[in-house]
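Q: Each residue of the sequence shown is one higher than the one before, starting from 47 at the first, in the numbering used here.
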Amino acid sequence: MKRTLTFLLLYLLGGWGFSNDATAQLFTHDQGDPYMVEKIQEQLNPELGDFPVSVRRVAIYKINYSALRFTNEEIEYIRAEMEYSLRQFAGLTVLSPPELEPNDKLKIVGNDSTLQILNMQGRSLADVSPEMLEEIAYKYGVQGLVELSLQRREPEGLVIGIRVMNPQSREVVWSKSFISNPPVVLPTLDQGSQYLLTFGVTSRGSDSWYRNQYANTSGAQIDTTGAGAGAGAGVDSTGNGSNFVHQADTLLRQALTDFSVTFSYRQPLDLRNSAYIGFTAGYHVLRSTNRDVTLFDMSLFDVGLVYYQAISEKVPDIDEYRVVFYSRANVQFPLGNNRQGEVFMLEPGLQFHLSKNIGLSVFGNLMLAGDTIKLSNKDRLTYNKSGFGFHAVIRF
């Protein structure tokens, strides 16, 4: 029994250690040099496309690093990967003169009168002596001296700086810096709010309005009960025989033309600015089409909400989607104290962007509720349930 318990305890401890090792290995993979160097190469390789064409033969002559953060094996690995990228993606000839090999030893340099102790970590003897460096570059035909600077930082990970110097003039001809774990920049919504001004014309082919008209002759009494209408025109309910003319609820079918100007403000809903939501305010002038029969003019004001959704590809020349579907819901009410009633309307349509600021839209009108507007003289306008029209659009 004691052996069984001991074995079980060892098994549990071993399983816990194995799981910790697996987690550590996973963490090491994300933070290890091969992973971080690969991430840096993904950034470096496209940047080598603008490497100076006058520099074709290069050599790494200096590597700046801290021995507390990098081992010699890590330095050699990073150097080999950087040389590979320079050869493969910049088309360079990478030389390795023995005189330019960096090391991490101390050097004593002196003559008959002076002695100097030099820390050669990451540097070569030729780097300490500018004259020797120029001679070696001339000897091997080196056109660019490459200097690497290595750091480890949190949370950036591995940081590599690359400088390329002209051996003769000491001019820095190319310089880049790369981070293996660049800070994550969360995408932000492009607050590209837009304003639209539209001028529209809407036709309602089956609109009608009713005239509630009472007319009487001189001295006649008006029959407000309508009792004489069925018995015969000209006889009122008092029996006094007075004649009058009574015409009620006369249907006058008339097409109306709606001239409107609408202002819209909208904000994007996605990162591609393909969807917008906003609000609108507009002014309408209604005029009867056949003015010889009826003369019915009226002004209305509307407020509403609008939604836009792109249904085509974005055109770079105009920085906008060519075809956009939109749907606008608004409430319209007449201007003036002697008119009553509201109209709730849905307006689906298509908007076509012809240029960066000019567009055209075609739409339909669907009456949702409140299709009657009453006037003080008892006339009332009743809209048809549907209509159509178009807008000229100015976007700014």
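Cβ atoms here follow ideal geometry from the backbone N, Cα and C, with glycine treated the same way.
Using a Cβ-Cβ cutoff of less than 7 Å, which residues in the same chain neighbour TRP220 once the five nearest sequence positions on both sides are dropped?
A: PHE97, PRO98 and VAL210, listed in sequence order.
Q: Whole angstroms is fine: what's the gap from GLU177's alpha carbon to LYS85's?
A: Cα to Cα, the separation comes out at about 37 Å.
Q: Going by DSSP in three states, ILE4 sits in which element: helix, strand or coil?
A: Not covered by the structure: residue 4. The range shown for the chain is 47 to 442.
Q: Consult DSSP for LYS420 and reduce its assignment to one of helix, strand or coil.
A: Three-state DSSP puts LYS420 in a strand.
Q: Give a yes or no on whether the C-beta atoms belonging to LEU141 and ALA105 are separated by under 8 Å.
A: A contact, by the Cβ cut-off of 8 Å.
Q: Among the candidates ARG374, SER249, ASN319 and GLU181, whose CA atom is the shortest distance from the CA of THR326?
A: Considering only alpha carbons, the answer is ARG374.
Q: Measuring straight from C-alpha to C-alpha, what distance separates SER401 and ILE364?
A: Roughly 6 Å separates the two Cα atoms.
Q: Only counting the same chain, and skipping five residues up and downstream in sequence, which positions put a Cβ closer than 7 Å to that of PRO144?
A: Correct list: empty, nothing qualifies.
Q: Pop quiz: GLY324 and TYR311 are said to be a contact at Cβ under 8 Å. What is the actual Cβ separation, rounded to whole angstroms?
A: Confirmed, Cβ separation roughly 5 Å.
Q: SER223: buried (16+ other C-beta within 10 angstroms of its C-beta) or exposed?
A: It is exposed - the Cβ of SER223 has fewer than 16 other Cβ atoms within 10 Å.
Q: Buried or exposed for GLU393, going by 16 or more other Cβ atoms inside 10 Å?
A: By the 10 Å Cβ count, GLU393 comes out buried.
Q: Given that a residue counts as buried once 16 or more other Cβ atoms are within 10 Å of its Cβ, and exposed if not, what is ASN66?
A: With a pLDDT of 44 at ASN66, under the threshold of 50, the modelled position of that residue is not reliable, and the figure given next carries that caveat. Exposed.
Q: Going along the chain, which unbroken runs of the beta strand (DSSP E) with 3 or more residues stay wholly within the segment 184-245?
A: If we require 3 residues or more, the beta strand (DSSP E) runs fully inside the segment 184-245 come out as 190-199, 203-211 and 218-225.
Q: Taking only the alpha-carbon atoms, compute the straight-line gap between PRO229 and GLY203 and give it to the nearest angstrom.
A: Straight-line Cα distance between these residues: approximately 10 Å.
Q: Rounding to the nearest angstrom, what Cα-Cα distance links GLY238 and SER407 in this structure?
A: Going by the C-alpha atoms only, they are around 21 Å apart.
Q: Per the DSSP calculation, GLY137 is bridged to which residue(s)?
A: GLY137 is not bridged to any residue.
Q: Mapping DSSP to helix, strand and coil, what is ASP79?
A: DSSP places ASP79 in helix when its eight states are reduced to three.
Q: Can you list the beta strand (DSSP E) stretches of 3 or more residues lying completely in the segment 94-139, in chain order?
A: Entirely contained in the segment 94-139, the beta strand (DSSP E) runs reaching 3 residues are, in chain order, 103-110.
Q: Compute the Euclidean distance between the alpha carbons of HIS330 and GLN313, then round it to the nearest angstrom.
A: Computed Cα separation, rounded: 25 Å.
Q: Give the straight-line distance between the Cα atoms of ILE109 and ARG216, rounded to the nearest whole angstrom.
A: If you take the alpha carbons of ILE109 and ARG216, they lie about 17 Å apart.
Q: Helix, strand or coil: how does DSSP classify PRO362 here?
A: Coil at PRO362, not helix or strand.
Q: If you follow the beta strand (DSSP E) that SER306 is in, where does it begin and where does it stop?
A: Looking at the DSSP string, the run of the beta strand (DSSP E) that includes SER306 is 302-314.
Q: With a Cβ-Cβ cutoff of 8 Å, do GLN397 and TYR372 count as a contact?
A: Their beta carbons are under 8 Å apart, which means GLN397 touches TYR372 by this criterion.
Q: How many angstroms separate the CA atom of VAL83 from the CA atom of ARG103?
A: So the alpha carbons of these two residues sit roughly 23 Å apart.
Q: Hey, PRO380 and LEU412: beta-carbon distance below 8 Å or not?
A: It is not a contact, given that the beta carbons lie outside the stated cut-off.
Q: Just curious, the beta strand (DSSP E) that LEU392 is in, first and last residue?
A: That run of the beta strand (DSSP E) goes 389-399.
Q: Take SER131 and list the residues in its own chain whose beta-carbon comes closer than 8 Å to its own, dropping the five residues that flank it on each side.
A: Within the same chain, SER131 has close Cβ partners GLN87, LEU90, ASN91 and LEU94.
Q: Pick helix, strand or coil for LEU351, following the three-state DSSP scheme.
A: Three-state DSSP puts LEU351 in a strand.
Q: Skipping 5 residues on each side, what residues in its chain have a beta carbon closer than 7 Å to that of PHE442?
A: Closer than 7 Å at the Cβ level, and outside the excluded window around PHE442, lie TYR241 and ASN403.
Q: Would DSSP call LEU381 helix, strand or coil?
A: Note: LEU381 maps to coil in three-state DSSP.
Q: Roughly how many angstroms separate the alpha carbons of SER334 and PHE309, rounded to a whole number?
A: Going from the Cα of SER334 to the Cα of PHE309 covers about 25 Å.
Q: Whose CA, out of ASN118, ARG426, PHE245 and ALA321, lies closest to the CA of GLN355?
A: When only C-alpha atoms are compared, the closest one is ALA321.
Q: Under the assumption that GLU359 contacts HIS399 (Cβ atoms under 8 Å), give the Cβ distance between them as a whole number of angstroms.
A: That pair is no contact at about 12 Å.
Q: Out of curiosity, what's the CA-to-CA distance linking GLU129 and PRO362?
A: Going from the Cα of GLU129 to the Cα of PRO362 covers about 39 Å.
Q: Give me the residue from GLN197, ASN212, GLY387 and HIS437 with the minimum Cα distance to LEU421.
A: When only C-alpha atoms are compared, the closest one is GLY387.
Q: Grab me the residues of ARG199's own chain with a C-beta within less than 7 Å of its C-beta, minus the 5 sequence neighbours each way, in chain order.
A: The answer, listed in chain order, is VAL205.
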